[in-house]
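Data first, discussion second: the structure below is written as structure tokens.
Chains as they are written, first to last, in this note's numbering: chain A, 1 to 616; chain B, 1 to 254.
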């Protein structure tokens, strides 16, 4: 059914900068753009302060060197590149490492209250892949602190906030962004936003997997909106499966267990009681990790007593890709915990320490699993957690290949390469959120007037948005979503094969057909069935991007593991990033490109051994 | 373990004043081990009522979106285990789920909490040193970090009789925002004098410390003892302590 726009009214808004998404990146961008004098609309799917950032636990990585004076942006840069298996945009990794400390300090002047060192500075904790204690944190609720601080700062900046709005489409004219179209989830009303710049800060896509740590919001609309508008989407094969999600009882499966548990000395064991991570230390990390339990325990003792570490780190603090695959391998070898994962034990520390450093985990296990982690081991297993892939952006401006369209945070790609280090996400949000907001505002300032958006384009998106109400007798959208998530879990999961990925691509075509005829019923007022029917479009396209890019990359690296190509192929793939675009006929196209060669000065900071391996 | 459970859920919308227009509807679904109330609501959406409205995000007690009244008690649906609910519900009775009653209703379990965002804007931000490196001790941080744990679920506001029964939304900031104000007032580096507005604009005097707010806080914040009572003490010192009054007349900061 087509809708005549003369019968469907919509409200028009005009703002210099429209920011889509109000997690850490969106809020930081909105603050920056407002400070530059732009009029700002902040459009978000949830209520303000509830976005996905609120769930981040462990901390924000920044080389403040408050806990260990040996730390510096150079070591942080090196750790980030190494963790990303050198597929990162080194220019973003450099900017991130250099600017993260000031972004963290700035948060404190806006009211954040991080845990302190004995001297009264921001304290820092150890995390996987970081050479030194580097994560500013407040217990294990750092995301809450970050989003609340930005929210409290943001509401005084004069921006207009549109809560519970979902953006359906971006408009462009001659390759430049001109606005977007949204509906209000509360009352179903329709809204046109004219804008001179748009910032995508929409987070990730992990709701496409059955076992994930993400909320309903993580349906990949930002990735899809950019793709539909003609932007390049990069590195979509790289999905991070966090090694430690809850696995029991079934209803909590996937909920995150912070890496901070391991940073505080948590040990991973299998059904035979072995600390199995000693068997999974990759060659490239062999020099940096303890190879005996004795040394690992000595490191923990040093760190807990506040000394500078002289011993090597426990292998539980290897990068997430390595730990997740190790837990998977132990399960396959028949050594899993009772419910198919691994045991994670922090109970050897005092109950007071556990409750002070990991209060959220203590409550989460006590209330959801009836487990007291001060006395009992946790059971954990991998959960889809983060997508390294996203909108390709200019490293210094965060502008995408569509002029005036910017992206920051998880919606963008580049910083994390093939695998993100824990703690680098929260600092990513505030470093690149600020940069995106500033450049979006600077562009808006140079433009005098808003561009008219053609009626037929508006009519088209209205028709598409209301289409589910014109259908009867179709499936409940929830069942299509459930099948999509199960399929992605099985076929585009932590271990992939060419056969499964090909199957996934044809399954997605079938799911797309089913999605196009769902009928949620009900009215336009706060109707989750209707919302889900619409979200399916983005979920299917981002799932397709992931499967397609994974099928093409015939090697294993970071967050992409092929059972049929289990080794890293440095010669062919070591410097190659996938790029997906929408072809003229609407089909999905993929090619491969490389970042410019790294500066010699920065190259000298990287591990010479690794670079040899890369064939440099 | 698979047993059936019946939920009696409010279905309806708000009138022009946000008053509820609707009825309680029964839904019966199967229950799996370890389910929380929110899981059952999701199952009802998936099997019976795709348009049943409810807010949720993190499903782990971190975002404060899924507040509702379950068996008459204000709670987060994501942190309320069915095991406990079954235990408290009389045999054969349905479990009732209603939206928060203190706020205008939008639809089903969703309420209009825009008041909270308006109130948030009235909080004067932290006002400390110009430089970026702020130094303060963990002992000083401890006190306010308790308040920073607030997830803005609004269960305390929903429970507070000053707001729920007397609807003093225009004159009273409510427990959530006294927690916020206490966090600012007790910040070791904040220099703002917040006591006059806490007394005059935010109506602290309305609170008669019945501790209902503290009882329902899912973040375990001692709202009454650690936020509201210390603020009341500061108001007393500022306004009714004779030495402080003289000092103020002489233009000295107390």
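Beta carbons: idealized from backbone N, C-alpha and C, even for Gly.
> Since residue 361 of chain A and residue 257 of chain A are thought to touch, with beta carbons under 8 Å apart, how far apart are those beta carbons, to the nearest angstrom?
Replying inline: For this step, residue 361 of chain A is matched to residue 361 along the first chain. For this step, residue 257 of chain A is matched to residue 257 along the first chain. Sure, about 6 Å apart at Cβ, within 8 Å.
>> Going residue by residue through the region 517-572 of chain A, where are the continuous alpha helix (DSSP H) segments of at least 4 residues, counting only ones entirely within it?
In response: 528-552
> Would residue 361 of chain A count as contacting chain B if we go by Cβ distances under 7 Å?
Replying inline: Stepping through the first chain from its first residue, residue 361 of chain A is reached at position 361. No, residue 361 of chain A does not count as interfacial toward chain B.
> What's the gap between the Cα of residue 553 of chain A and the Cα of residue 595 of chain A?
Replying inline: What you label residue 553 of chain A is simply residue 553 of the first chain in a count that begins at 1. What you label residue 595 of chain A is simply residue 595 of the first chain in a count that begins at 1. In a straight line, the C-alpha of residue 553 of chain A is about 17 Å away from that of residue 595 of chain A.
>> By the DSSP assignment, the alpha helix (DSSP H) with residue 255 of chain B in it spans what residues?
In response: Given a span of 1 to 254 for chain B in the structure shown, any question on residue 255 of chain B remains unanswerable.
> What are the boundary residues of the beta strand (DSSP E) that residue 106 of chain B is part of?
Replying inline: Here residue 106 of chain B corresponds to residue number 106 of the second chain, with the count starting at 1. 105-107 is the extent of the beta strand (DSSP E) around residue 106 of chain B.
> DSSP puts residue 183 of chain A in a beta bridge; with which residues?
Replying inline: Residue mapping note: residue 183 of chain A aligns to position 183 of the first chain, counting from 1. Per DSSP, A:166 and A:190.
> Can you tell me whether DSSP reads residue 287 of chain A as helix, strand or coil?
Replying inline: Walking along the first chain from the start, residue 287 of chain A turns up at place 287. It is helical.
> Between residue 550 of chain A and residue 492 of chain A, which are expected to be in contact by the criterion C-beta below 8 Å, what is the C-beta distance as a whole number of angstroms?
Replying inline: Within the first chain, residue 550 of chain A is the residue found at index 550, counting from 1. Within the first chain, residue 492 of chain A is the residue found at index 492, counting from 1. So it is a contact: roughly 6 Å between Cβ atoms.
>> Assuming residue 416 of chain A is part of the beta strand (DSSP E), what are its boundary residues?
In response: The count along the first chain starts at 1 and reaches residue 416 of chain A at position 416. Residue 416 of chain A -> no beta strand (DSSP E), and no H or E assigned at all.
> DSSP beta-bridge partners for residue 79 of chain B?
Replying inline: In the second chain, counting from the first residue as 1, residue 79 of chain B sits at position 79. Paired residue(s): none; residue 79 of chain B is not in a bridge.
>> Does the CB of residue 258 of chain B have a neighbour CB from chain A at under 7 Å?
In response: The requested residue 258 of chain B does not occur in the structure, where chain B is confined to residues 1 to 254.
>> Closest to residue 351 of chain A by C-alpha separation, out of A:340, A:341 and A:363, would be which residue?
In response: Here residue 351 of chain A refers to the residue found at position 351 of the first chain. Answer by Cα proximity: A:363.
> Nearest chain B C-beta to residue 487 of chain A closer than 7 Å, yes or no?
Replying inline: Reading the first chain from its first residue, position 487 is the one you call residue 487 of chain A. For residue 487 of chain A, the answer is no, since every Cβ of chain B falls outside 7 Å of its Cβ.
> Closest by CA to residue 264 of chain A, which one among A:250, A:294, A:227 and A:305?
Replying inline: The residue labelled residue 264 of chain A in the question sits at position 264 within the first chain. If we check each option's Cα against that of residue 264 of chain A, A:305 comes out closest.
> Using a Cβ cut-off of 8 Å, which residues of the region 192-226 of chain A contact any Cβ in chain B, in chain order?
Replying inline: 215, 216 and 217
> How many angstroms separate the CA atom of residue 15 of chain A from the CA atom of residue 190 of chain A?
Replying inline: Here residue 15 of chain A corresponds to residue number 15 of the first chain, with the count starting at 1. Here residue 190 of chain A corresponds to residue number 190 of the first chain, with the count starting at 1. Their Cα atoms are separated by approximately 17 Å.
> What does residue 246 of chain B touch in chain A if you count any residue whose Cβ is under 8 Å from its own?
Replying inline: Start at 1 with the first residue of the second chain, and residue 246 of chain B comes out as number 246. Simply none; closest approach about 33 Å.
>> Threshold first: 3 residues or longer. Then list the beta strand (DSSP E) segments lying entirely within the region 43-73 of chain B, N to C.
In response: 67-70
> Under a CB-based cut-off of 7 Å, is residue 135 of chain B close to chain A?
Replying inline: For the purposes of this step, residue 135 of chain B is taken as the residue at position 135 of the second chain. Yes - at least one Cβ of chain A is within 7 Å of the one on residue 135 of chain B.
> Can at least three beta-carbon pairs, one atom from the region 51-59 of chain B and one from the region 524-540 of chain A, be found at a separation below 8 Å?
Replying inline: yes
>> At the 7 Å Cβ level, is residue 23 of chain B part of the contact set with chain A, yes or no?
In response: Against the second chain, residue 23 of chain B aligns to sequence position 23. No - not a single Cβ of chain A is within 7 Å of the one on residue 23 of chain B.
>> Quick check on residue 399 of chain A: buried or exposed, where buried means 16 or more other Cβ atoms within 10 Å of its Cβ?
In response: In the first chain, residue 399 of chain A corresponds to position 399, counting from 1. Counting Cβ neighbours within 10 Å, residue 399 of chain A comes out buried, since at least 16 surround it.
> At a Cβ cut of 8 Å, what residues of the region 466-497 of chain A count as close to chain B, listed as they run along the chain?
Replying inline: 476, 477, 478, 479 and 482
> For a contact meaning CB atoms closer than 8 Å, what does residue 687 of chain A contact in chain B?
Replying inline: In the structure as shown, chain A starts at 1 and stops at 616, and residue 687 of chain A therefore has no counterpart that could be examined.
> When the Cα atoms are used, what is the spatial distance from residue 513 of chain A to residue 412 of chain A?
Replying inline: What you label residue 513 of chain A is simply residue 513 of the first chain in a count that begins at 1. What you label residue 412 of chain A is simply residue 412 of the first chain in a count that begins at 1. Looking at the two C-alpha atoms, the distance is approximately 29 Å.
> Using the C-alpha atoms, what's the distance from residue 276 of chain A back to residue 378 of chain A?
Replying inline: Here residue 378 of chain A refers to the residue found at position 378 when the first chain is read from its first residue. Here residue 276 of chain A refers to the residue found at position 276 when the first chain is read from its first residue. So the two alpha carbons sit approximately 16 Å from each other.
> Which two residues bound the contiguous beta strand (DSSP E) that contains residue 593 of chain A?
Replying inline: Within the first chain, residue 593 of chain A is the residue found at index 593, counting from 1. Its beta strand (DSSP E) spans residues 588-593.
> So which of B:187, B:221, B:111 and B:35 has the shortest CA-CA distance to residue 13 of chain B?
Replying inline: To locate residue 13 of chain B, count along the second chain from 1; it is residue 13. The option with the nearest alpha carbon to residue 13 of chain B is B:111.
>> Taking 7 Å as the threshold (beta carbon to beta carbon), is residue 77 of chain B in contact with chain A?
In response: Position 77 of the second chain, counting from 1, holds the residue named residue 77 of chain B. No, no contact with chain A.
> Can you name the start and end residues of the alpha helix (DSSP H) that residue 230 of chain B belongs to?
Replying inline: Residue 230 of chain B sits at position 230 when you count from the first residue of the second chain. Note, residue 230 of chain B: alpha helix (DSSP H), 229-240.
> Can you list, in chain order, the residues of the region 97-115 of chain B whose Cβ is nearer than 9 Å to any Cβ on chain A?
Replying inline: 106, 107, 108, 110, 112, 113 and 114
> Name the chain A residues that come within less than 7 Å of residue 33 of chain B, Cβ to Cβ?
Replying inline: The count along the second chain starts at 1 and reaches residue 33 of chain B at position 33. Under a criterion of Cβ atoms nearer than 7 Å, the residues of chain A adjacent to residue 33 of chain B are, in order, 249 and 250.
>> For a test of the three-state rule: what should DSSP assign to residue 196 of chain A, helix, strand or coil?
In response: Working through the first chain from its first residue, we reach residue 196 of chain A at position 196. If DSSP states are grouped into helix, strand and coil, residue 196 of chain A belongs with the strands.
> What is the DSSP secondary structure of residue 157 of chain A, reduced to helix, strand or coil?
Replying inline: Mapped onto the first chain, residue 157 of chain A falls at position 157. Three-state DSSP puts residue 157 of chain A in coil, outside helix and strand.
> Hey, out of B:206, B:243, B:246 and B:24, whose CA is closest to residue 109 of chain B's CA?
Replying inline: Position 109 of the second chain holds residue 109 of chain B. The option with the nearest alpha carbon to residue 109 of chain B is B:24.
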